[in-house]
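Notes follow the structure.
Numbering (full-length UniProt numbering), first residue to last: 1 to 205.
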């Protein structure tokens, strides 16, 4: 069985290997076994790379050096785990306001809603910033299907058994769950992961 990989280095695009690519419209995008995906935000062939990173002098180094510790919010039956570094502001947690609060006034109240509702909300988080613990087990892997879904005007949503490889051993912080979001607007300070900069840049693609 072929192993899906996404390989990146400081100045290069993402190299997706043996990984299905799905457009923001939900339709598969035909690609060769190995394809280059834009991460500078300037390609005219998005989500594919057209070499623009070389023209604009793209540098894919992480700028945010602060990696906060995981936050644990313990309830009677479930513990919510929050990785603040991976959060890119998708906002699905706001759908369960009693537990997670709002964008402007976030909170974490694990006893404020049924456990099944909390789990369903956490599993919508595309970046892996939210996960949960029940008993002694930490649940952070949910996907049976392996693919990269191109977010509309947003990041690459990686799902399933994809190995993310830093080909130059840079100081990037790499996510550990089976789902994560990769910046493709070029603006994230947490490269390669998305930090929501596409919203500020009004990125299109």
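Backbone N, C-alpha and C define an ideal beta-carbon position, used for all residues, glycine too.
It should be emphasised that the depicted structure is a prediction, and the values quoted were computed from it without experimental measurement.
- By the Cβ rule, the segment 85 to 97 counts as touching the segment 122 to 136, because three or more pairs are nearer than 8 Å.
- In this structure, residue 148 places its C-beta atom within 9 Å of the C-beta atom of residue 156.
- In this structure, 6 is the residue among 196, 6 and 205 with its C-alpha nearest to the C-alpha of residue 17.
- In the DSSP assignment, residue 165 forms a beta bridge with 7.
- Following the DSSP letters along the chain, one finds residue 78 in no alpha helix (DSSP H), marked with neither H nor E.
- Judged by beta-carbon spacing, residue 14 lies within the 9 Å limit of residue 182, meaning their Cβ atoms are closer than that value.
- Residue pairing of residue 85 in beta bridges, as defined by DSSP: absent, with no partner found.
- Boundaries of the beta strand (DSSP E) around residue 179: 179 to 182.
- Setting aside the 5 residues that flank it on each side, residue 111 is surrounded in the same chain by 75 and 76, each with a C-beta closer than 7 Å to its C-beta; the list follows chain order.
- By the 16-neighbour rule on beta-carbons within 10 angstroms, residue 195 is buried.
- For residue 17, the enclosing beta strand (DSSP E) begins and ends at 14 to 17.
- Counting only the Cα atoms, residue 193 lies some 11 Å from residue 64.
- Apart from the 5 residues on each side of it in sequence, residue 154 sits with its Cβ closer than 6 Å to the Cβ of 198 in its chain, given in chain order.
- The beta-carbon distance between residue 139 and residue 108, rounded to whole angstroms, is 16 Å. This is too long to meet the 8 Å contact definition.
- If you check the CB distance, residue 36 and residue 48 come in under 9 Å.
- Residues 128, 131, 140 and 141 of the same chain have their beta carbon placed closer than 7 Å to that of residue 177, with the five preceding and five following residues left out of the count.
- The beta carbons of residue 3 and residue 163 sit closer together than 9 Å.
- Rounded to whole angstroms, the gap between the alpha carbons of residue 53 and residue 45 is 12 Å.
- The continuous stretches of alpha helix (DSSP H) do not include residue 63, and DSSP gives it neither H nor E.
- Within the DSSP bridge table, the entry for residue 105 names no partner.
- For residue 56, the enclosing alpha helix (DSSP H) begins and ends at 52 to 56.
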